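A.B. asks: This is the structure I want to talk about, given as C-alpha cells.
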Amino acid sequence: MRMDNESTVSEFILLGLPIRAEDQAVYSALILTMYLTTVLGNLLIILLIRLDSHLHTPMYFFLSHLAFTDISFSSVTVPKMLVNMLTHSQSISYTGCVSQVYFFIVFASIDSFLLTSMAYDRYVAICYPLHYTLIMNMTVCVLLVVISWTLSSANALVQTLLLARLSHFRNNTIPHYFCDLSTLLKLSSSDTTINDLIILILGNAVITVPFICILVSYGYIGLTILKTPSIKGICKALSTCGSHLCVVSLYYGAIIGLYFVPSSKNASEKNVIVAIMYTVVTPMLNPFIYSLRNRDMKGALRSILSRMK
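What follows is the structure in C-alpha cells.
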C-alpha cells in the first residue's frame, strides 16, 4: 500500500472468500460454472423474448431488462474474483475499486426498481384486467425503465462521489471478495457521517420503498384473488405471479439476511456468504425460475428449438 501524508491508497487488497488455499481451484471451477450459467441463461431469456412475438408484452419487456441487469450485476464482481483466485493475486486498484462500487450500486438499485415495476404490472393485470392495455402501454413501460436507470445512476453517483472524497484509510485490506461500500467506510479514518446519512436515506429510497410498493401491490392482488369465485381464475392469477414472487423472495431475502439479521462474531464471513447469494446464486436461478415455472417461456423455447430442426 502506498501511503502519503494524507494516508491515501493506490490499491486495496481483497481477502476473497473464506476458504482454504487448497480448495481455491474447486471453488473457482464452481463459481465459473455458476457465472457462465448466469450469463447464458439470462441471454437465452433475452433471445426468447426478442424472437417470440407472443412474449412482446409488458411483463416480458421488464423481464428482458431484469435478465440484462442480472448479467451485468454478476459481471461487476465475479470476473475480478475469479481472476484473483486463479492468479493468486488479491489486489485491486483504487480506481477499479471505486468503479466497482459505482456499478454494483447501479445494478443492485435497478434490480429493485425492475422488480417493483413487474409487481405493478401484475397488479394492473389482475386488479384492472379490462384497462390493462390502456394503463400498461409501451410508453409507460419505457418510462418506468428510464426512471429506474436514472434514479439508480443518480444514487450510485452520489454514493461514489462521497466515497471518493474520503482520503484517510486505516489500512487497505478489505475482508471481502469485492469492494463493498460499507466495508470501505469502516476502513476509513475520515469523518463518514455524511456518507452514513446518505446511505440511510438513499438506501430506503431504492430498497425499502420499492419493497413496500411490492408488498402493497401483492396485498391488493391477494384481495382481488380472494374475491374471485372461480378456482380456475385463482390458479391462473397465482401462476402469473409465482415466478416473480420467487425472484422477489430470493432478492430481498438476501438483503434482509445481510442488513437486518444481527451480526455474529463471524460477521465478515456471513456478509461474504450472503453476498455470494445475491451476486452469484440469485442471478443464476432467475432464468430457471422463469423458464421452469412459466408456460409461455417454455412454449417459446420449444418453438425456437423446433425451427432449428
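Just so you know, we're using the numbering used here here: the sequence shown kicks off at 3 and counts up by one.
By construction, the Cβ of each residue, glycine as well, lies at the ideal position given by its N, Cα and C atoms.
Given the structure is predicted, the values throughout are model-derived calculations rather than measurements.
(1) First and last residue of the alpha helix (DSSP H) that includes LEU184?
(2) For MET286, which option in ILE201, MET36, THR152, LEU17 has the closest C-alpha, if you only look at C-alpha atoms?
(3) Entirely within the region 4-59 and at least 3 residues each: give me those beta strand (DSSP E) ranges in chain order.
(4) Leaving aside the five residues before and after THR162 along the sequence, list all residues of the same chain whose C-beta is less than 8 angstroms from its C-beta, in chain order.
(5) Quick check: is any heavy atom of the ligand MG less than 7 angstroms from the C-beta of HIS170?
(6) State buried or exposed for GLY18, treating a residue as buried only when at least 16 other CB atoms are found within 10 Å of its CB.
(7) Based on Cα-Cα distance, which residue from VAL208, THR40, LEU164, MET299 lies nearest to ASP113?
(8) According to the Cβ coordinates, are LEU50 and HIS178 closer than 8 angstroms?
(9) Give every residue of the same chain whose Cβ lies closer than 6 angstroms to the Cβ of PRO60, excluding the five residues on either side of it in the sequence, and list them in chain order.
(10) Among all the DSSP beta bridges, which residues are the ones paired with THR175?
(11) Roughly how many angstroms separate the alpha carbons of HIS246 and TYR220, rounded to a whole number?
(12) Roughly how many angstroms lie between the CA atoms of THR194 and ARG309, to the nearest whole one?
(13) Assuming contact is defined by CB atoms lying nearer than 8 angstroms, are ALA302 and ASP72 in contact in what I supplied?
(14) Can you give the Cα-Cα distance for LEU117 and TYR280, rounded to whole angstroms?
(15) What did DSSP end up calling SER192 once you bin it into helix, strand or coil?
(16) ILE223 to ILE176, Cα distance in whole Å?
(17) Which one of SER111, ASN273, TYR254, VAL126 has the shortest CA to CA distance from THR361?
(18) Just tell me which of GLN26, SER293, ALA166, ILE275 has its CA closest to the CA of VAL249.
(19) When you compare only the Cα positions, how much space is there between ARG22 and SER184?
(20) What three-state label does DSSP hand SER251 in the structure shown?
(21) What is the rounded straight-line gap between the Cα of THR135 and the Cα of ARG297?
(22) SER119 and LEU146 look like a contact to me (Cβ under 8 angstroms); what is the Cβ gap, rounded to whole Å?
(23) Please look up how many angstroms separate the CB atoms of PHE14 and CYS181, rounded, as I've assumed it's under 8 angstroms.
(24) Contact defined as beta carbons within less than 8 angstroms: I believe LEU189 pairs with ASN173. What is the distance between those atoms, to the nearest angstrom?
(25) Determine the DSSP secondary structure at SER95, reduced to helix, strand or coil.
(26) Within 10 angstroms of its Cβ, does PHE109 collect 16 or more other Cβ (buried), or is it exposed?
(27) Helix, strand or coil: how does DSSP classify HIS246 here?
(28) Report the rounded CA-to-CA distance for ILE306 versus SER155, giving the unit in angstroms.
C.D. replies: In this structure, then:
(1) Note on identity: in this sequence residue 184 is Ser, with Leu being the wrong assignment. Segment 183-189, the alpha helix (DSSP H) holding SER184.
(2) MET36
(3) 13-16
(4) VAL100, VAL103, TYR104, ILE107
(5) This structure simply doesn't include the ligand MG, nor any ligand for that matter.
(6) Burial call: buried.
(7) Answer by Cα proximity: VAL208.
(8) The answer is no: Cβ separation not under 8 angstroms.
(9) ASP123, MET138, CYS143
(10) ILE15
(11) 11 angstroms
(12) The C-alpha of ARG309 is placed about 58 angstroms away from the C-alpha of THR194.
(13) no
(14) 14 angstroms
(15) coil
(16) 44 angstroms
(17) With the chain covering only 3 through 311, there is no way to say anything about residue 361.
(18) SER293
(19) 25 angstroms
(20) The DSSP-derived three-state label of SER251 is helix.
(21) 21 angstroms
(22) 5 angstroms
(23) 7 angstroms
(24) About 6 angstroms separates the two Cβ atoms, so the contact holds.
(25) strand
(26) The residue in question, PHE109, is buried, as its Cβ has 16 or more Cβ neighbours within 10 Å.
(27) helix
(28) Approximately 36 angstroms, taken between the alpha carbons.
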